[in-house]
Amino acid sequence: MASNQEPEQPKKKKKRIRSKNKDEPIPGAFDLSAILNSQQTFPLSNNINGQPYMNNNTNFHNMSMPMMSSLFVTSPTQQFQMWAPYMPCPTPTQASPPQWATELLSKFEAMSVKMNSIDEIKSAVSSVDFKLSEMKGDMKKLSKRVLDVETSQNFISKSFDENIKVHEKTNKKIESDIKKLATECEALRNDMSFIKRDSKNLSDSKVNLQKIFKANEKLNNDLESIKCESMRDNLLFHGIKKSEGEDCALIIKSMCENNLEIEDELNIKSAFRLGKKKMSSIIESK
């Protein structure tokens with residue numbers, strides 16, 4: 001049967017928590033201050049009396065004499081001296097720790113300072129790592145922005161080059177058109193000079209034409225008057241049919257004799273039809 005007991009989870013390792021109080025000792029560190037502040041005595045080789053040094057905190061005066069005698073008296077003379085009248089003992093001095101202990105303590109203190117420095121360095125490194133990660137993200141964004149800017153710049157540069165080419169072509173076309181217009185303007189200027197000259201000639205011709213018109217009008221008037229003079233003794237006969245090989249004078253004489261009953265001899269100088277030959281039915285006689 002399967003066991004109903006849950007599998008044991010591995011124990012979590014306790015993290016080393018740094019105390020905020022710098023004076024508080026680090027757990028697990030060896031503190032040599034206990035050695036210096038301990039109530040033990042340290043025998044020295046240069047003790048002449050052979051008596052042990054005692055701490056200042058020891059209640060030397062309250063110690064019982066039998067106890068003192070049991071600890072230190074070794075002969076009757078010394079025992080008698082112990083029962084002698086009370087003489088104050090010199091104040092014992094605190095013994096200094098040995099040099100190796102002092103060096104060890106200084107090393108441990110330096111090590112503790114270094115451990116604290118390591119913790120501070122770890123905290124600073126973690127902060128720097130966080131800032132570096134943020135900087136990496138910012139650098140990626142900046143690189144993307146720079147790439148976009150470069151793409152836009154390339155597009156703008158390409159468009160600018162194309163615009164320059166189009167502008168150059170347009171300038172060449174405009175220059176050719178300007179040259180063509182200049183040539184045409186020069187031709188128009190020459191034509192205008194000819195037109196001015198022709199206009200002057202035309203004005204002169206107009207004056208001459210007016211003179212001719214007046215002369216023609218005068219001639220027409222004179223001709224009309226002459227015509228009237230010449231037709232003063234003329235007669236017009238209407239409604240006479242035309243025939244081939246006719247003699248207008250004989251036709252008039254015959255018509256006067258037969259139709260008008262004029263028996264006198266007529267002296268007709270000339271007789272002819274007016275207008276077109278095929279359509280006219282009028283005969284003029286004089």
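Numbering (the UniProt record's numbering), first residue to last: 1 to 286. Ideal Cβ placement from N, Cα and C applies to all residues, glycine included.
Check your understanding: Terminal residues of the continuous beta strand (DSSP E) containing leucine 104?
Key -> Taken as a continuous stretch (DSSP letters only), leucine 104 belongs to no beta strand (DSSP E), being part of the alpha helix (DSSP H) at 99 to 230.
**Study point:** Spatial neighbours of leucine 250 in its chain, beta-carbon cut-off 6 angstroms, leaving aside the 5 residues before and after
**Key:** Here the set comprises nothing.
Check your understanding: Taking one C-beta from the segment 238 to 245 and one from the segment 260 to 267 each time, how about it: are there three or more such pairs within less than 8 angstroms?
Key -> no
Review point. In whole angstroms, what separates the C-alpha of histidine 238 from that of aspartate 198?
Key: 53 angstroms
Review point. Are phenylalanine 272 and cysteine 248 close, meaning C-beta to C-beta below 8 angstroms?
Key: It is a contact, given that the beta carbons lie within the stated cut-off.
**Study point:** Those residues which DSSP pairs with alanine 249 across a bridge
**Key:** Paired residue(s): none; alanine 249 is not in a bridge.
Review point. By how many angstroms is the C-alpha of isoleucine 164 removed from the C-alpha of lysine 173?
Key: Put simply, the backbone Cα of lysine 173 is about 14 angstroms away from that of isoleucine 164.
Practice item. Give the single residue among Ile240, Lys269, Ser270 and Leu274 whose Cα lies nearest to the Cα of asparagine 259. Key: The shortest C-alpha separation from asparagine 259 is found at Ile240.
Review point. What are the boundary residues of the beta strand (DSSP E) that leucine 236 is part of?
Key: 235 to 237
Check your understanding: Is the beta carbon of lysine 214 within less than 7 angstroms of some heavy atom of the ligand COA?
Key -> Looking for the ligand COA in the displayed structure turns up nothing, as the structure carries no ligands at all.
Review point. Hey, how far is the Cα of serine 225 from the Cα of serine 270?
Key: 20 angstroms
Check your understanding: In this structure, does DSSP put tryptophan 83 in helix, strand or coil?
Key -> Summary for tryptophan 83: the model assigns pLDDT 49, below 50, so the residue's position carries little reliability, and this model does not support an answer.
Review point. Near serine 203, what residues of its chain come up, given a Cβ to Cβ distance below 8 angstroms and the 5 sequence neighbours on each side ignored?
Key: none
Review point. Using CA coordinates, which residue listed in Asn216, Lys218, Asn220 and Met255 is at the minimum distance from leucine 235?
Key: Selection Asn216, Lys218, Asn220 and Met255 evaluated against leucine 235 yields Met255 as nearest (Cα-Cα).
Check your understanding: Helix, strand or coil: which one does DSSP assign to proline 25?
Key -> Legend: pLDDT at proline 25 = 49, less than 50; position of this residue unreliable, value from coordinates given subsequently. Looking at proline 25 - three-state DSSP - the assignment turns out to be coil, as it is neither helix nor strand.
**Study point:** Burial state of isoleucine 195, where buried means 16 or more other Cβ atoms lie within 10 Å
**Key:** exposed
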